[in-house]
Amino acid sequence: MINPVQDLAQSAEHFSKHPRDQFYLIKLLLVTFGLIVGALLLSHKASAQIQIADENTELPDYKAYETGLDAAYAGDYVTALREFTVAADAGLHLAQYNLGVMYYSGEGVDQDYELAFKWTRMAAEQGHINAQFNLGTMYYNGLGMRSSIFTRWPLSLIYRQSNFEEAVKWYGYAAEYDHGEAQYNLATMYENGEGVEQDLIKAYVWARLAYDNEVPDATLLYNSLNNKLTAEQRDEAGRAYALWVLEFRG
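Here the sequence shown is numbered in the numbering used here, starting from 25 and rising by one per residue.
Structure (structure tokens):
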């Protein structure tokens, strides 16, 4: 399984190899925001890179966002929070994502999963790939959603299944942009039938894609699934993999 601690150096290398992940001309800028997601059944992790836009990209309230970045790097989280919030309220998905990271990790603010969920979802809905992945992780672990009667036994099982379905959806969005960790998590969910019907062929395809992206432990998962499939199923999975690569990496 994936180590739940985000390896920032490895992530930077991954994104440098896969420009499709650099959505809307975004480039990565690493800082020391460590985002950890506790596991339920799987070690589903979230990505934790503060991000900055290309200087030529036109964005709403970019000045406030840039001020927030400068403040964050200087350790002035009060100013960073204020300026990120201004930019996020104006609709800047980068600021929304960074607020989600801050509230999730408690970096410079009181940890607040509900606010982390709010801002992460807003960024995810605008197409921010890491936010989509993080939102899937929060759904998988049931973090940040307001408590309700559905969290009580036995309705909690229905609630949890609904969360898994949302996790599959958001992981799927990120996976289509070749996000390796999202592909790995989808593979495990298809293997275990979490949020979807169990489908070892789809699990194999996503695991192989994650393996291509050098995701830790993807090799073990890929080999395990390979041994579970019949020769006919492996042929079918191989064709599905080839079609995906042709469409999304070709």
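All C-beta atoms, glycine included, are put in the ideal place defined by N, C-alpha and C.
Given the structure is predicted, the values throughout are model-derived calculations rather than measurements.
Tyr164 sits in a helix when the DSSP states are folded into three classes. Under the criterion of beta carbons closer than 8 Å, Leu245 and Ala266 do not qualify as touching, at roughly 19 Å.
Contact between the region 88-95 and the region 104-112 is present: 3 or more CB-CB pairs across the two stretches fall below 8 Å. Judged by their CB atoms, Gln156 and His117 are not nearer to each other than the 8 Å cut-off. Around the Cβ of Lys87, a 10 Å sphere holds fewer than 16 other Cβ atoms; the residue is exposed. In the three-state DSSP reduction, Tyr128 falls in the helix class (H, G or I). Considering only Tyr127, Trp268, Val192 and Ala211, the residue with the shortest C-alpha distance to Thr243 is Ala211.
For Met213, the enclosing alpha helix (DSSP H) covers residues Gly204 to Asn216.
Nearest neighbour of Ala264 by Cα position, chosen from Asp223, Asn237 and Val239, turns out to be Asp223. CA-to-CA, the gap between Arg145 and Asp134 works out to about 19 Å. In the assembly as shown, Phe272 is an exposed residue. Its beta-carbon has fewer than 16 other beta-carbons within 10 Å.
If you check the CB distance, Asn187 and Tyr164 come in under 8 Å.
Look at Val192 here: in three-state DSSP terms it is helix. Between the alpha carbons of Lys142 and Thr254 lies a gap of roughly 44 Å. For Met146, the three-state secondary structure derived from DSSP is helix. Setting aside the 5 residues that flank it on each side, Gln120 is surrounded in the same chain by Ala112, Trp143, Met146 and Ala147, each with a C-beta closer than 6 Å to its C-beta; the list follows chain order.
In the structure shown, Asp236 falls within a helical segment according to DSSP collapsed to helix, strand and coil.
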